[in-house]
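Numbering (full-length UniProt numbering), first residue to last: 1 to 71.
In this text, a Cβ means the ideal position worked out from N, Cα and C, and glycines have one as well.
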Amino acid sequence: MGDIIDWFGCDVNIQPIDDNTIRVSVVVNEQAMVYWALQYGMHMEVKSPQSLREKVQKVVEEMAEKYKEVF
Numbered sequence: 001m002g003d004i005i006d007w008f009g010c011d012v013n014i015q016p017i018d019d020n021t022i023r024v025s026v027v028v029n030e031q032a033m034v035y036w037a038l039q040y041g042m043h044m045e046v047k048s049p050q051s052l053r054e055k056v057q058k059v060v061e062e063m064a065e066k067y068k069e070v071f
């Protein structure tokens, strides 16, 4: 959670879901959030807004396509 506070400051809403899950709500620039989400890729999931989820999904798909090529 320290990374969340470091990145977004104190203006965040953090809601524990269970021992392994938290829900975080922030107001940020959407493109900046895409890059933030990508750096935590396997450890987080964007649930909403749908437009942000789709942008992250598109970048991940494009990255996966690049790494399919065998040299």
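First and last residue of the uninterrupted beta strand (DSSP E) at residue i
i  : result
D6 : Segment G2 to F8 is the alpha helix (DSSP H) holding D6; no beta strand (DSSP E) there.
For residue i, the residue or residues it bridges with in DSSP
i   : result
V56 : Beta-bridge pairing links V56 to no other residue.
P16 : I22
Pick from the options that is closest to residue i, judged by C-alpha positions
i   : options              : result
R23 : N13, D3, E62 and E30 : N13
A32 : A64, D18, G2 and K55 : K55
Q50 : Q39, V34 and N20     : V34
Element boundaries [alpha helix (DSSP H), containing residue i]
i   : result
M33 : E30 to Q39
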